[in-house]
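Chains as they are written, first to last, in this note's numbering: chain A, 7 to 340; chain B, 12 to 136. We put the CB at the ideal spot given by N, CA and C, even for glycine. For reference, the structure discussed in these notes is given below.
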Amino acid sequence: MTDSSGAAVRRAKRLVRCYPRTWRARYGEEFTQLLVDDISERPRSAGRAADVLRSGLLARLAVAGLAGDTLQPERQVRVGLAILGFSVTAFVATGIAIWSQLTIGWQWSAPAESATKAGMLVMTGALVAFAVAALLAATPLLWALCREFVRGRGRDLVPPLAALGAGAFVLVIGSIHFGHGWPGTGGHPWSGRDIVPGWVARFWWAATLWITSYWAHPVALAAFPASEVAWMVASPIAMLAVVIGVTRTIRRLPLSLRVLRYESWLGLTAAVILAGFLAGASSWVISGGPSPRGLFRVGTIDMVGVAVMGAALILAFRAAQRTLAASPIRTATP
Amino acid sequence: MIRSMPRTETAQKGHAQAEALAAFGRYAGPATLILSSLADGPKHGYALTKDIEDFAEVRIAPGTMYEALARLERQGLIEPLESSDRRRPYRLTSEGAVALRAHLDSQRRVADVGLRRLASSTGIG
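This is how it looks when you write it as structure tokens:
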């Protein structure tokens, strides 16, 4: 093998890594050879690299059931629900980080801009509606969980439940503890003027403290108390443990297609509710002035947050749409 | 060797398969080019690229080529052949031949109408 053909093979193999493992197992070898032939003929081609990146991304989306042909119905529904759960979690974590900052601001003084005020009311209403949808989604899952343990088949569920429990414990205890560290969340005489009680705002503020632009300013971050920085590192890990615990528990639970379909509909409902939340947040970002006292100033991190929520929502709608299209509807018997 | 079918059956299957090809959406172009290239015998990815470049003056990029090949294979319009090296050849199936025929007939009808109208209105043609 010459140096140039060796380099072509290495470049081809790097490009093939854009594709998912299952695709590589079937087409990897022959596709690598096509790339080697193409690279040998045209050593430099930005168009080829862009084409492979686009095609690899599409192949990955297809494996996740988000593009191309629909997967086998039950797999499509389960994969779709997992993506729906992931995107909704990303949305809610980001949204709560923004919302809790704003509600804490309102503890001190109501926003001067009516668009900001209306936006915050819409965001709060959407979060309450989302909590109801989450409760409705959790009910059949909790029922299935109890049934498994009663029937003595719950051993496989213990590790993910332990991860969920440990993560939730750390999040709750840590959020309560660090929530008390914020002076504007209940300790001053005007507390209770907000749209939600101060303890709710400070709990969620502490839980999402790690979603901050301070990571881009290490000097400012170094001025924080060491325990707070440690919490900012530990809390996303705890949140991840909760998400992994929930995902693995659901994956191991035997759920009927009827329940999966019910969960898909609730996922779509949640996405619609969160679209309302995004509208509220956008209303604040577009028109929200900093007054009074700079409490409602829009920062770069907030604009990034709104963009993340928008992307998560598109993903959630796509997953819900494909999941519902794949889950078979029970037909009436003649 | 492509199996021959009775004319009416061929037409019905052709219509269905042409719809399958139309379902390729923006990939219908590469799919038609690939099927046309395979119409005169099996070819591997690079041979397809060069052949299509020769007869259509279009170069299909590798990612697009394999997207189309994978879809055509899933739809049963082409099939892979055994190969002694890494270049795996593909060949047209009988369903693929019917689909290609129906699709090209449909394209020819459109082209004929367009050319006829162009000739009558502008004299070009």
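If you reduce the DSSP assignment to three classes, tell me which class residue i lands in.
i                         : result
arginine 127 of chain B   : helix
glycine 180 of chain A    : helix
arginine 14 of chain B    : Confidence is the limiting factor: at arginine 14 of chain B the pLDDT is only 38, short of 50, which leaves the residue's position unreliable, though a coordinate-based value still follows. In the structure shown, arginine 14 of chain B sits in coil (DSSP, three-state: anything other than H, G, I, E or B).
isoleucine 89 of chain B  : strand
tyrosine 101 of chain B   : strand
glycine 190 of chain A    : Confidence at glycine 190 of chain A is low in this model, with a pLDDT of 49, below 50, so its placement is unreliable and the value that follows should be read with caution. Glycine 190 of chain A: coil per DSSP, three-state reduction.
aspartate 116 of chain B  : helix
isoleucine 135 of chain B : coil
Of all the options the options, which has the alpha carbon lying nearest to the alpha carbon of residue i?
i                         : options                                   : result
cysteine 24 of chain A    : A/Ile45, A/Glu47, A/Gln82 and A/Asp57     : A/Asp57
alanine 70 of chain A     : A/Arg60, A/Ala55 and A/Ala88              : A/Ala88
isoleucine 104 of chain A : A/Trp114, A/Leu63, A/Ser120 and A/Leu133  : A/Leu133
serine 115 of chain A     : A/Ile201, A/Trp211, A/Leu41 and A/Val42   : A/Ile201
arginine 306 of chain A   : A/Tyr33, A/Ile292, A/Ala55 and A/Ala317   : Residue identity differs from the one stated: residue 306 of chain A is threonine in this sequence, not arginine. Per the Cα distances, A/Ile292.
glycine 316 of chain A    : A/Val249, A/Thr100, A/Ser219 and A/Gly53  : A/Thr100
serine 11 of chain A      : A/Arg328, A/Thr255 and A/Glu47            : A/Glu47
alanine 65 of chain A     : A/Tyr33, A/Pro49 and A/Pro79              : A/Tyr33
histidine 183 of chain A  : A/Pro117, A/Arg257, A/Val314 and A/Trp210 : A/Trp210
glutamate 78 of chain B   : A/Met126, A/Leu59 and A/Glu80             : A/Leu59
arginine 17 of chain A    : A/Glu234, A/Asp44, A/Met126 and A/Phe175  : A/Asp44
tryptophan 216 of chain A : A/Arg27, A/Ile243, A/Gly86 and A/Leu67    : A/Ile243
alanine 212 of chain A    : A/Tyr220, A/Gly187 and A/Pro224           : A/Gly187
alanine 168 of chain A    : A/Val235, A/Thr255 and A/Ser219           : A/Thr255
proline 260 of chain A    : A/Gly173, A/Val248, A/Gly160 and A/Gly86  : A/Gly160
serine 270 of chain A     : A/Ser51, A/Ala31, A/Val42 and A/Val94     : A/Val94
alanine 332 of chain A    : A/Leu40, A/Ala52 and A/Pro79              : A/Pro79
serine 95 of chain B      : B/His55, B/Ile45 and B/Leu46              : B/His55
serine 47 of chain B      : B/Ala130, B/Ser131 and B/Ala110           : B/Ala110
arginine 328 of chain A   : A/Leu274, A/Val278, A/Ala281 and A/Gly131 : A/Leu274
proline 41 of chain B     : B/Thr133, B/Arg119 and B/Leu59            : B/Leu59
leucine 80 of chain B     : B/Val121, B/Arg99, B/Glu68 and B/Ser131   : B/Arg99
aspartate 308 of chain A  : A/Trp29, A/Gly282, A/Ala55 and A/Gln107   : A/Gln107
glycine 91 of chain A     : A/Val252, A/Gly171, A/Ala31 and A/Ala55   : A/Val252
threonine 43 of chain B   : B/Pro91, B/Leu103, B/Leu126 and B/Ala130  : B/Leu103
In chain A, which residues lie less than 7 Å from residue i when you measure between Cβ atoms?
i                      : result
arginine 98 of chain B : Glu36 and Gln39
alanine 81 of chain B  : Tyr33
For a contact meaning CB atoms closer than 9 Å, what does residue i contact in chain B?
i                     : result
leucine 64 of chain A : Gly74 and Glu78
Note down, in chain order, every chain B residue with its Cβ under 7 Å from the Cβ of residue i.
i                       : result
glycine 53 of chain A   : Ala72
aspartate 43 of chain A : Tyr57
Residues of chain B with CB under 8 Å from residue i, in chain order?
i                       : result
arginine 60 of chain A  : Gly74
aspartate 57 of chain A : Ala72, Pro73, Gly74 and Thr75
Is residue i near the ligand ZN, judged by its Cβ being under 6 Å from some heavy atom?
i                     : result
leucine 41 of chain A : Ligands displayed in this structure: none; no statement on the ligand ZN is therefore possible.
Exercise. Taking only runs of the beta strand (DSSP E) that begin and end inside the stretch 193–275 of chain A, which ones reach a length of at least 3 residues, in chain order?
Worked result: none
Problem set entry | Members of the stretch 38–57 of chain B near chain A, C-beta cut-off 8 Å | His55, Gly56 and Tyr57
Problem set entry | Every unbroken beta strand (DSSP E) inside the stretch 42–128 of chain A [3 residues or more] | Secondary structure in the stretch 42–128 of chain A: no beta strand (DSSP E) run of 3 residues or longer lies completely within the stretch.
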